[in-house]
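Read the structure below first, then the notes.
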Amino acid sequence: MALQKVVNVCLFVLTMAVGTLGSGHHFDVTEYSASPKGSFDSNKMAFLDAWQAMCGFNGNATLIVPTGTFQVAPLIFAGPCKPGQHKLKFLGTLVAPSDWDKEHEAWIEFRELNDIVIEGGGVLDGQGANAWSQKKKNMPISVHFMKVNKGRITNLSIKDSKGFHIAIHQSDNVVIRAITITAPFDSPNTDGIHISGSSHVRITGLTIGTGDDCVSIGPGSYNITVANVHCGPGHGISIGSLGKYQDEDNVAHIKVKNCTIAGTTNGLRIKTWPGSTASEAFNITFENIKLDNVSRPIIIDQDYCPNNQCNPNEPSRVKLYDIIFKHIQGTSNTQDAVTLKCSKLVPCRDVRLIDINLKPLFSSLVHSIDSFCSNVLGLALGIQKPNPCLQH
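Numbering (mature numbering (1 follows the signal peptide of the UniProt record, and there is no 0)), first residue to last: -22 to -1, 1 to 370.
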């Protein structure tokens, strides 16, 4: 009887082990021939083979990239997959080809997926230096979510992207948490995170320092929250640019809160193009923001026209309203601390400044900081430094 019990226990343990290891829950890319010694293309094929196996598994599954450095050519992890949550656990370092610079493409793209998680503590190195010297627009994105529903990116380091580090497009219910994003302060168009055509996106607990916007929120973005982000260097946190293209969708229900912005060329910014087609951006709140050594801490710019790519004589048709800047404090290294430059065709309205406490970075500045307003209606409440220029 005792022997039979021992046999039964052993059979149970063996069955559990087979169920755990043999059921295919985990797909290690090295078991599909990926190797730190592999080429860009051979590792790409191994990663995609592992992905296909995981995607075809019915149930929760994890693709694992173990420790080590893997060079890998551009990847598209495409769905739809079998039901279940699919994770990619990056434990090692992935390196992009340094000489790959095709515009409007992505290095690692997740497309048409439901319930996808990217995590693991690894590093994604975009090898962007060669691309930056070309100074082209729309260089490859490092991580791209396209038509993803219920996605999460957490606990990764993403560096030196050729273009945007992360882009979220036509996606819903996405969380980006505990990510570090870095690139040199002079690397062009290397936004930390860009969002467009997406809803219910939450960005929290990130450290971002690049050569462009830490976070940029583009057309068609709804219900976006940016919280507890440390931004700098870079161009600050931006809504826009908006109005550059025909028939853009509206932007609404945006909240940026509890962030620190340091050493950036802008702080909190809304930017729209002159001569745009009609659209709207509304219900936008910037709250509890600390600014340190920032140029133009608060700015609405409806004459945004970099590199003279527009007709500055045509006013912007993007209607801005219900905009709140609340509990904003810190230091400005420029005289123009608050700039609200709105469209003469569709003036900004219902803009509220609540408890704004900005000081000049250097006490020796000849001129104190000030405010500038044009074509804007709103209200200033509480502490106001510099003196407000809003008209009721």
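Glycine residues also receive a C-beta, built at the ideal position from the N, C-alpha and C atoms.
Grab the span of the beta strand (DSSP E) containing residue 319 for me, first residue to last.
Against the sequence shown, residue 319 aligns to sequence position 341. Where residue 319 is concerned, the enclosing beta strand (DSSP E) stretches over 314 to 319.
Residue closest to residue 290, alpha-carbon to alpha-carbon, out of 307, 269, 317 and 322:
Along the sequence shown, one-based indexing puts residue 290 at 312. The candidate whose alpha carbon is nearest that of residue 290 is 322.
Could you tell me which uninterrupted beta strand (DSSP E) segments, each at least 3 residues in length, are contained entirely in the stretch 191 to 220, listed from first to last along the chain?
193 to 195, 200 to 205 and 215 to 220
Based on the DSSP secondary-structure assignment, which residues constitute the bridge partners of residue 299?
Locating residue 299 in the sequence shown gives position 321, counting from the first residue. Looking at the DSSP assignment, residue 299 forms a beta bridge with 260 and 327.
Minimum length 4: unbroken alpha helix (DSSP H) runs contained in the stretch 43 to 115
107 to 110
How long is the line joining the alpha carbons of residue 160 and residue 119, rounded to whole angstroms?
Taking the sequence shown and counting its residues from 1, the one referred to as residue 160 is at position 182. Taking the sequence shown and counting its residues from 1, the one referred to as residue 119 is at position 141. Whole-angstrom Cα-Cα distance: 14 Å.
Mind listing, in chain order, the continuous beta strand (DSSP E) runs of no fewer than 3 residues lying wholly within the stretch 109 to 161?
119 to 137, 144 to 147 and 150 to 160
Hey, residue 154 and residue 135: beta-carbon distance below 9 Å or not?
Position 176 of the sequence shown, counted from the start, is the residue given in the question as residue 154. Position 157 of the sequence shown, counted from the start, is the residue given in the question as residue 135. Their beta carbons are not under 9 Å apart, which means residue 154 does not touch residue 135 by this criterion.
Mapping DSSP to helix, strand and coil, what is residue 33?
Residue 33 sits at position 55 when you count from the first residue of the sequence shown. Helix.
So what does residue 176 bridge to, in DSSP terms?
As a working note, residue 176 is residue 198 in the sequence shown. None; residue 176 has no bridge partner.
N- and C-terminal bounds of the beta strand (DSSP E) containing residue 350
In the sequence shown, the residue the question calls residue 350 occupies position 372. Run containing residue 350: 348 to 352, per the beta strand (DSSP E) assignment.
How many Å lie between residue 227 and residue 8 at the Cα?
Start at 1 with the first residue of the sequence shown, and residue 227 comes out as number 249. Start at 1 with the first residue of the sequence shown, and residue 8 comes out as number 30. Their backbone Cα atoms lie some 44 Å apart in a straight line.
In angstroms with no decimal places, state the Cα-to-Cα distance between residue 350 and residue 191.
Residue 350 sits at position 372 when you count from the first residue of the sequence shown. Residue 191 sits at position 213 when you count from the first residue of the sequence shown. Each residue's Cα considered, the two are about 23 Å apart.
Do you know offhand how far residue 138's Cα is from residue 162's?
Working through the sequence shown from its first residue, we reach residue 138 at position 160. Working through the sequence shown from its first residue, we reach residue 162 at position 184. Cα to Cα, residue 138 sits roughly 8 Å from residue 162.
For residue 12, name the three-state secondary structure that DSSP assigns.
Here the question's residue 12 lines up with position 34 in the sequence shown. In this structure, residue 12 counts as coil in the three-state DSSP scheme.
Cβ distance (whole Å) where residue 325 is taken to contact residue 283 below 8 Å:
For the purposes of this step, residue 325 is identified with residue 347 of the sequence shown, where counting begins at 1. For the purposes of this step, residue 283 is identified with residue 305 of the sequence shown, where counting begins at 1. Contact flag wrong, Cβ pair sits at about 19 Å.
Going by CA-CA distance only, name the one from 56, 235 and 63 that's closest to residue 183.
Position 205 of the sequence shown, counted from the start, is the residue given in the question as residue 183. When only C-alpha atoms are compared, the closest one is 235.
Let me know the secondary structure DSSP gives residue 20 once reduced to three states.
Counting from one through the sequence shown, the residue named residue 20 turns up at place 42. DSSP places residue 20 in helix when its eight states are reduced to three.
Buried or exposed for residue 1, please, with buried defined as at least 16 other CB atoms from any protein chain shown within 10 angstroms of its CB.
Numbered from its first residue, the sequence shown carries residue 1 at position 23. Residue placement at residue 1 is poorly supported in this model, since its pLDDT is 39, which falls under 50; the coordinates are not used for a value here.
Where does the unbroken beta strand (DSSP E) through residue 187 begin, and where does it stop?
To locate residue 187, count along the sequence shown from 1; it is residue 209. Run containing residue 187: 185 to 187, per the beta strand (DSSP E) assignment.
Boundaries of the beta strand (DSSP E) in which residue 250 is found, first to last residue:
Sequence index remark: in the sequence shown, residue 250 carries index 272 (1-based). Unbroken beta strand (DSSP E) run through residue 250: 246 to 250.
Selected residue, minimal CA-CA separation from residue 372, among 197, 254, 127 and 149
Coverage of the chain is limited to positions -22 through 370, which leaves residue 372 absent and any answer about it impossible.
For residue 237 and residue 362, the rounded distance between their alpha carbons
For the purposes of this step, residue 362 is identified with residue 384 of the sequence shown, where counting begins at 1. For the purposes of this step, residue 237 is identified with residue 259 of the sequence shown, where counting begins at 1. Cα-Cα distance, rounded: 20 Å.
Once DSSP output is grouped into helix, strand and coil, what is the label at residue 236?
Position 258 of the sequence shown, counting from 1, holds the residue named residue 236. Looking at residue 236 - three-state DSSP - the assignment turns out to be strand.
Residues in the same chain with beta-carbon distance under 8 Å from residue 103, minus the five sequence neighbours each way, listed in chain order, please.
Translated into the one-based positions of the sequence shown, residue 103 becomes position 125. The answer, listed in chain order, is 71, 72, 73, 74, 137 and 138.
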